[in-house]
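Protein chains in written order, with the working numbering: chain A, 183 to 511; chain B, 183 to 511.
Encoded as structure tokens, the structure appears first; notes follow it.
Protein chains: 2
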Amino acid sequence: MLRIVLTFVSVGLLQSYPAQSEWSLAIHGGAGGVPKDLPAAEVQQIKDTLRKALDAGRQILSSGGTSVDAVEKAVRVMEDSGVLNAGRGAVLNHKGFAELDAAIMNGRDHKAGAVAALRHIANPVGLARLVMDRSPHVLMVAEGAEEFALEQGVALVPETYFVTERRRHDLEQEIASEHKSLTQNNLPWHPVGTVGAVALDEKGDLAAATSTGGLTNKHFGRVGDSPLIGAGTYAENGVCAISATGAGEVFIRYTAAADTCARVRYRKESIDSAAKEVIALLKAAGGDGGMIAMDASGHVAMPYSSQTMLRGEVSSRSQAHIVVETVEP
Amino acid sequence: MLRIVLTFVSVGLLQSYPAQSEWSLAIHGGAGGVPKDLPAAEVQQIKDTLRKALDAGRQILSSGGTSVDAVEKAVRVMEDSGVLNAGRGAVLNHKGFAELDAAIMNGRDHKAGAVAALRHIANPVGLARLVMDRSPHVLMVAEGAEEFALEQGVALVPETYFVTERRRHDLEQEIASEHKSLTQNNLPWHPVGTVGAVALDEKGDLAAATSTGGLTNKHFGRVGDSPLIGAGTYAENGVCAISATGAGEVFIRYTAAADTCARVRYRKESIDSAAKEVIALLKAAGGDGGMIAMDASGHVAMPYSSQTMLRGEVSSRSQAHIVVETVEP
């Protein structure tokens, strides 16, 4: 039903705007997929969340809004869902509380904002946006970032806001198997639903945003690739917009997003080829995951080396489409 | 006197090792320079520190040690000096305490460790090394990173350990002019002595390390480019090793280190050309600063857009050489 509505809207847009006013949006709900044993109601919630996130971004882009507003809004919807690894529903660290990372970048002017190791911010991507718009800085972390939030009028929420039964269970399982997971070469990484969005707006501006709770059972204070510009998040007009998901440590060490864009910028590779090659390179280095990557024309590549990746896309040329596949738990 | 000794050692090495066993080390003590009004004794301390850092790294490299050991040691010497913006002597944030960032990267295997927003760690680069060697993570921040330090047997030091009269004075001056400095387009940035090192060892392995207190009067929780892989620090065998210094926010937004290396890797630019072009690009974007950049053969480029940059180099082919220039305060 929802799909039919979206199709109708897309066709309407194709008629209203000339070619140079195309817009495009892609989102991901994380590398990995939906565990086969997840209750049907929760699978439905995940599907509904991806559809709602796409629709929220679509509404902004199709009415002439900016790509940076669209990616922020789409990510906020996913942060609020309670069923993805970002905002409410984020995974828990070794100490049992959520620590949240996010970034947003505007490809028009290379401006960026990012936050990491937050414990009391419901919408990390919103705070990243405030860092970008209202501070001279790019990255703020931990208690200092939350102090900035309060200065900006953002209310804090208790740590319990983020905790779900599912994530408590994930942590217990992970700690039970800790003897084999907390070593250098065996990252305690189970791909679960980092979220992100990339977009092109009618003016031709690219943007990207990513938000995550990181790894289940991560060390207190660990920061992954999501909030790091050029690792998990990057946008540059005329070149690319990227949001990654996966084994964050490997994505950092190989500057995943920056390398993908450098291949497009310097080697004139297509976004499909560049993104695919980088994901293969990361896999060879021991890091499974995926990314959504958009080129200057709004074309989207969504390569992944994990079993699958929760994802969706919609544009002025195509109807909304989501992919939610189940995997062995 | 010291210079003569170093020359002697270098010549000795040239005779002892064949061409494929060349080693090379470069360090920086930050973009900017020594304020003209700095007491002569402190200027001498800065010179002595750079010489001592070079010598410590040289001893490791000339006796067959690794580049990663050499850059860590050189940076530790600078962190301990009390006269550069890293470790003891780091600048103070708006709240009046130091928050320290550092990173280290091994070009042989792309392994990296980084720490940010530390308040009680005397040698941030040493903790970054422990994150790389003894954790499955790359970046740890704030309280969680200090918890990791304690787990690893690293003693904490009081906040007062870092504070010097000079930095207290810098902060007072900065706060007095805050009305004009804390805006998006007017970064409260005075170039003062971030430190870093890059090295090539006899085995052909590159490494890089950077350590800093960041910006005087920065917001509590602000993290700059130094600890971010691909922004202020990066190393990749066969391509480059980079340590940057300057207006960190701009270096992050343009992935300064990753872009420099991408130009070498994909466009086959020389390290001189790549580093120079990136520093020019950052300047055009509003970010003054500099970097030390080493190519696979140990050749060093040291471009800067600031008035000068404190720097030094030594290699199996050349004697130790430092540059410490004064600038208008």
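Every residue gets a Cβ at the ideal spot worked out from N, C-alpha and C, and that includes glycine.
Asked	Found
Whole angstroms is fine: what's the gap from R240/B's alpha carbon to E418/B's?	21 Å
Residues of chain A with CB under 9 Å from E341/B, in chain order?	Correct list: empty, because the minimum Cβ distance to chain A is about 14 Å.
Are there three or more Cβ pairs, one per stretch, closer than 8 Å when the region 256-263 of chain B is compared with the region 231-240 of chain B?	yes
Quick one: grab the DSSP three-state call for D283/A.	strand
Buried or exposed for T231/B, going by 16 or more other Cβ atoms inside 10 Å?	buried
Beta-carbon of L321/B versus every beta-carbon of chain A: anything under 9 Å?	yes
Suppose you measure from the CA of G420/B to the CA of I434/B; what does that come to, to the nearest Å?	23 Å
Count the CB pairs spanning the region 435-447 of chain B and the region 469-481 of chain B that are closer than 8 Å, and state whether there are at least three.	yes
Please name the residues in the region 424-451 of chain A whose beta-carbon is closer than 9 Å to at least one beta-carbon of chain B, in chain order.	G430, E431, V432, I434, R435, Y436, T437, A439, A440, D441, C443, A444, R445, R447, Y448 and R449
Counting C-beta neighbours from all protein chains within 10 Å, is the total for R350/A 16 or more, i.e. buried, or is it exposed?	exposed
In chain order, what are the residue ranges of uninterrupted alpha helix (DSSP H) at least 4 long that sit wholly in the region 206-285 of chain A?	222-244 and 249-262
Mapping the DSSP letters down to three states, classify Y436/A as helix, strand or coil.	coil
Could you give the residue range of the alpha helix (DSSP H) that holds R349/B?	E347 to A358
Report the partner residues of E459/B according to the DSSP bridge assignment.	Per DSSP, none; premise fails for E459/B.
Here's a check: name, in chain order, each residue in its chain whose Cβ is nearer than 6 Å to the Cβ of A298/A, leaving out the five neighbours to either side.	D283, V323, V405 and P409
Could you tell me which chain B residues have their CB closer than 9 Å to the CB of F402/A, listed as they occur along the chain?	M322, E325, G326, A327, E329 and F330
What in chain B is Cβ-close to I411/A, meaning under 8 Å?	L410, A413, I434, R435 and T437
For G214/A, which of A379/A, S488/A and E510/A has the nearest alpha-carbon?	S488/A
For L369/A and chain B, any beta-carbon pair shorter than 9 Å?	Unreliable positioning characterises L369/A in this predicted model, as indicated by a pLDDT of 46, which lies under 50. A coordinate reading is not provided.
Quick one: grab the DSSP three-state call for L410/A.	coil
Can you tell which of K465/B, V446/B and M287/B has the C-alpha that lies nearest to the C-alpha of A483/B?	V446/B
Below 8 Å on the Cβ atoms is my contact criterion, and I expect S168/B with A390/B to pass it. Report the Cβ-Cβ distance as a whole number of Å.	What is shown of chain B runs 183 to 511, which leaves residue 168/B out entirely.
Closest to A496/B by C-alpha separation, out of A381/B, K229/B and A456/B, would be which residue?	At residue 496/B the sequence reads Val, which differs from the Ala that was named. Selected option, being the one with the closest Cα: A381/B.
When DSSP labels each residue in this structure, what does E418/A get in the three-state scheme?	strand
Alpha carbon to alpha carbon, how far is Y448/B from S393/A?	30 Å
Provide the residue span of the beta strand (DSSP E) that contains E341/B, from first to last.	Segment: none, E341/B is in no beta strand (DSSP E) and carries neither H nor E.
Within 10 Å of its beta-carbon, does Y343/A have 16 or more other beta-carbons around it, so buried, or fewer, so exposed?	exposed
Please report the Cβ distance between A274/A and L353/A, rounded to the nearest whole angstrom; I am assuming they are in contact, meaning their Cβ atoms lie under 8 Å.	Looking at the sequence provided, one finds Leu at residue 274/A rather than Ala. At roughly 5 Å, the Cβ-Cβ gap stays under 8 Å, so L274/A and L353/A are in contact.
By the criterion of Cβ-Cβ separation under 7 Å, what are the contact partners of S317/B in chain A?	H401
Nearest-angstrom Cα distance between L388/A and L243/A?	12 Å
Can you list, in chain order, the residues of its chain with a C-beta nearer than 6 Å to that of G412/A? Leave out the 5 residues immediately preceding and following it.	T437, A439 and A440
Quick one: which chain B residues come within Cβ less than 9 Å of K465/A?	Those within 9 Å of K465/A in chain B number zero; the least Cβ separation is about 14 Å.
Using a Cβ-Cβ cut-off of 7 Å (strictly less than) and excluding sequence neighbours within five positions of G326/B, which residues of its own chain qualify?	none
Taking T490/B and E507/B to be in contact with their CB atoms under 8 Å, please state how far apart those CB atoms are, rounded to whole angstroms.	4 Å
For N305/A, which residues in the same chain have their Cβ closer than 7 Å to its Cβ, ignoring the five residues on either side in sequence?	R258, E261 and G269
Taking the straight line between their C-alpha atoms, what separation do you get for G430/B and A222/A?	47 Å
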